[in-house]
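Chemist:
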Amino acid sequence: MAAFWIAGLIALFLGMPMLTFLLQGPGWVAALSALNLLMVVGIPLLMVMLLIMRIFMRSKFHPRWQAGLWAFWLINLISLSLIGVTTAKEFQFQKQVKVSEQSFDIPSDTLIVEMQNSPFNNSWFHLSDELMVSDDHLLARSIRVIFEKSPSGRLRIIQQNKARGRGLASATRLASETDYQWQLNGNRLLLPSHFIIPSHSKWRAQEIFLHILIPEGMYVKRNSRLSGRISFVQTDKAHKFPLTWDNHEIWRMAPDGMIAPDYSANHNKDFNFKGFSKIRLNGNIRLTIRQGQHFNVMVKDPGPGDEMKIDRTGDRLNIIMPDDLHQTRSVIITMPRLDELWVLHSDNIEINDFELERLHLVNEGRGKINVFADIQQLHVHLTGGNKLELRGQGTNLQATLSEGAKLDAEHFTVNKANMELFSSSWAKVSAADTLWQKVSDSELLLMNSPVVVDK
820 MAAFWIAGLI ALFLGMPMLT FLLQGPGWVA ALSALNLLMV VGIPLLMVML
870 LIMRIFMRSK FHPRWQAGLW AFWLINLISL SLIGVTTAKE FQFQKQVKVS
920 EQSFDIPSDT LIVEMQNSPF NNSWFHLSDE LMVSDDHLLA RSIRVIFEKS
970 PSGRLRIIQQ NKARGRGLAS ATRLASETDY QWQLNGNRLL LPSHFIIPSH
1020 SKWRAQEIFL HILIPEGMYV KRNSRLSGRI SFVQTDKAHK FPLTWDNHEI
1070 WRMAPDGMIA PDYSANHNKD FNFKGFSKIR LNGNIRLTIR QGQHFNVMVK
1120 DPGPGDEMKI DRTGDRLNII MPDDLHQTRS VIITMPRLDE LWVLHSDNIE
1170 INDFELERLH LVNEGRGKIN VFADIQQLHV HLTGGNKLEL RGQGTNLQAT
1220 LSEGAKLDAE HFTVNKANME LFSSSWAKVS AADTLWQKVS DSELLLMNSP
1270 VVVDK
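Converting from the sequence shown to the numbering used here requires adding 819 to each position, the first position being numbered 1.
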């Protein structure tokens, strides 16, 4: 117990400077709170020691002294609680303010971002990874660096400061007063490793958010000290990106976000197929199809080259995987137009951002297909326990479902629909004008009030 008491004294002594930045009021409030904490912890320890002495050494302690100690303990507990409640109110509101926004034209296609050396690295004692007291100041390195795509062809840097306070006004004032000065010298962006909270101010969870907006085509290099300060990178979801932001990877801003070319080359495989508008799929494949001006076929995390076969026959792209391969492969296809998708067996499939005159979609496997597109003439054939979910709009929908297939077209509005459902199938359709139906041992739900014609 004596060791515990001494450890508490040492901890309070070392933490006393931080208390002056944390607690509201003059410096004696920190000393009072430290005394309160020592008494709240120490008096029960003292009473335990007296109890042990009474049992084993038959010593006596006057009841009045016991009552006095417990009364003193209660006073310290009340005082500590009041200080704690008052301090908690100082963190009640949060405000984030924009401090600066600047655009630059740099004389290079590569931006070098460097976090400067930190005094934390040479300190034997600091309060946490984020805070350290130096002389009469508090050093904070709560700096969050965010890489995003610039909407223009210029480099943009936006600084936002965040702080908490008793009210919005005090939180805004503290955020605005936080001073963080970065420098751009040529193509080298220098970031201080910390900012200073002066002795006359208080710590209210101040943070710096530095948004670095990179123009398309620009490369980004970083030093090792920056890695721990990066909080977000807007990446291109079609390309594999490293989970850890180490400094040895060079990044490049692509049209859809940041990519790491060397890393992506080791984890993705691109195929140079062009001139196709139909896709035939057979295998344990997770497929994403997007509309774009150019053709691109990419396999994410490819295995040995003979596991997946991709070839083109006329205007049809064939993607086949062996039946005995249990691993799932992800394929991302970008193409200008999709006329037909025929699925024999697959994992889940997504068709995104298309505007099409017509599409013929056949699914004979058990994978789910999600379609987010506007399609004027849509023909659907579903067989087996699979599901198709449609979102968008069109003119005509013709669908045939059998053997437990499901079609959710509640959010795909069409003028006319021609539906045939067999063998425990299910469909939900939004037809505004006319619906022709043939339903056998199945369920068809209508979301609008079209003219219904039985076939």
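Note that the Cβ used here is the ideal one computed from N, Cα and C, for glycine as well.
Could you check the C-alpha separation between L1175 and L1008 for me, to the nearest Å?
Modeler: 45 angstroms
Chemist: Between N1171 and N1205, which are expected to be in contact by the criterion C-beta below 8 angstroms, what is the C-beta distance as a whole number of angstroms?
Modeler: Contact flag wrong, Cβ pair sits at about 19 angstroms.
Chemist: Distance check for L950 and V1039, CA to CA, integer angstroms please.
Modeler: When rounded, the separation of the alpha-carbon atoms in V1039 and L950 is 29 angstroms.
Chemist: Based on DSSP bridge pairs, tell me the residues matched to Q1110.
Modeler: M1154
Chemist: In its own chain, which residues sit with a C-beta less than 8 angstroms from the C-beta of V1270, not counting the 5 before and 5 after it?
Modeler: D1252, T1253 and L1254
Chemist: Near R1177, what residues of its chain come up, given a Cβ to Cβ distance below 8 angstroms and the 5 sequence neighbours on each side ignored?
Modeler: By the criterion of a C-beta distance shorter than 8 angstroms, R1177 is surrounded in its chain by D1158, I1194, Q1195, Q1196, L1197 and H1198, once the five residues flanking it on both sides are discounted.
Chemist: Pop quiz: R992 and F912 are said to be a contact at Cβ under 8 angstroms. What is the actual Cβ separation, rounded to whole angstroms?
Modeler: Going by Cβ atoms, the distance from R992 to F912 rounds to 12 angstroms, so no, they are not a contact pair.
Chemist: Which same chain residues end up closer than 8 angstroms to S1242 when comparing Cβ atoms and leaving out the 5 residues on each side of it in sequence?
Modeler: S1221, E1222, G1223, S1259, D1260 and S1261
Chemist: Could you name the residues of the same chain whose beta carbon sits closer than 8 angstroms to that of S1083, not counting the 5 residues immediately before and after it, in chain order?
Modeler: H1058, K1059 and F1060
Chemist: How should T1107 be labelled, buried or exposed, when 16 other C-beta atoms within 10 angstroms of its C-beta is the threshold for buried?
Modeler: buried
Chemist: In terms of alpha-carbon separation, which member of L987, K968, R1109 and T997 lies closest to Q978?
Modeler: Checking every option, the nearest Cα to that of Q978 belongs to T997.
Chemist: At the level of alpha carbons, what is the spacing between I1138 and A1024?
Modeler: 53 angstroms
Chemist: Which residues in the same chain as K1257 place their Cβ atom closer than 8 angstroms to its Cβ, once the five residues preceding and following it in sequence are excluded?
Modeler: M1238, E1239, L1240, D1273 and K1274
Chemist: Would you mind reading off the limits of the alpha helix (DSSP H) that contains W892?
Modeler: P882 to K908
Chemist: Who are the near neighbours of N1189 in its chain, counting only those whose CB is closer than 6 angstroms to its CB and skipping five residues on each side?
Modeler: E1169 and E1208
Chemist: On the DSSP letters alone, give me the boundaries of the alpha helix (DSSP H) that E1068 sits inside.
Modeler: Here E1068 belongs to no alpha helix (DSSP H), and DSSP marks it neither H nor E.
Chemist: For M1154, which residues in the same chain have their Cβ closer than 6 angstroms to its Cβ, ignoring the five residues on either side in sequence?
Modeler: F1114
Chemist: How many angstroms separate the CA atom of S1014 from the CA atom of N936?
Modeler: One point to set straight first is that residue 1014 is Phe, not Ser, in the sequence displayed. Approximately 13 angstroms, taken between the alpha carbons.
Chemist: Starting from the C-beta of E933, find all residues in its chain whose C-beta is less than 6 angstroms away, skip the five residues before and the five after it, and write them out in chain order.
Modeler: L1009 and N1042
Chemist: Could you tell me which of L930, S961 and V1118 sits nearest to R973, measuring between CA atoms?
Modeler: L930
Chemist: Since I believe E1035 is in contact with M1072 (beta carbons under 8 angstroms), could you give me their beta-carbon distance rounded to a whole number of angstroms?
Modeler: 5 angstroms
Chemist: Would a check of beta-carbon distances place G1036 closer than 7 angstroms to chain C?
Modeler: Checking the listed chains, one finds no chain C in this structure; it contains a single protein chain.
Chemist: Among S953, L1264 and T1147, whose alpha-carbon lies nearest the alpha-carbon of W1245?
Modeler: Of S953, L1264 and T1147, the residue nearest in Cα terms is L1264.
Chemist: Take the Cβ of M790 as the centre, count every other Cβ of all protein chains shown within 10 Å, and call the residue buried at 16 or more, exposed below.
Modeler: Absent from the model: residue 790. The displayed extent of the chain is 820 to 1274, so no value can be given.
Chemist: For the ligand FMN, I want to know if H1164 counts as a neighbour, meaning its beta carbon is within less than 6 angstroms of at least one of the ligand's heavy atoms.
Modeler: This structure lacks the ligand FMN, and indeed carries no ligand of any kind.
Chemist: From which residue to which residue does the alpha helix (DSSP H) around S969 run?
Modeler: Counting along the chain, S969 falls outside any alpha helix (DSSP H), and DSSP gives it neither H nor E.
Chemist: Go to R1007, then tell me how far its beta strand (DSSP E) extends in each direction, as first and last residue.
Modeler: R1007 to L1010
Chemist: Checking the sheet assignment: what are the DSSP bridge partners for N1103?
Modeler: N1103 is not bridged to any residue.
Chemist: Under 7 angstroms between the Cβ atoms of R975 and L1032?
Modeler: yes
Chemist: Let's see if you can read the secondary structure: which residues bound the alpha helix (DSSP H) around T991?
Modeler: Element bounds for T991: L987 to E996.
Chemist: Note the first and the last residue of the continuous beta strand (DSSP E) segment covering K917.
Modeler: F912 to F923
Chemist: State the start and end residues of the unbroken beta strand (DSSP E) segment that holds F1231.
Modeler: Per DSSP, the continuous beta strand (DSSP E) segment holding F1231 begins and ends at K1225 to F1241.
Chemist: Distance check for N1167 and E909, CA to CA, integer angstroms please.
Modeler: Between E909 and N1167, the C-alpha separation is close to 50 angstroms.
Chemist: I1027 and L957 look like a contact to me (Cβ under 8 angstroms); what is the Cβ gap, rounded to whole Å?
Modeler: Actually they do not touch by this definition, with Cβ atoms about 14 angstroms apart.
Chemist: Between V964 and I862, which are expected to be in contact by the criterion C-beta below 8 angstroms, what is the C-beta distance as a whole number of angstroms?
Modeler: Rounded to the nearest angstrom, the Cβ distance from V964 to I862 is 48 angstroms, too far for a contact under 8 angstroms.
Chemist: How should R883 be labelled, buried or exposed, when 16 other C-beta atoms within 10 angstroms of its C-beta is the threshold for buried?
Modeler: Answer is exposed; the Cβ neighbour count stays below 16.
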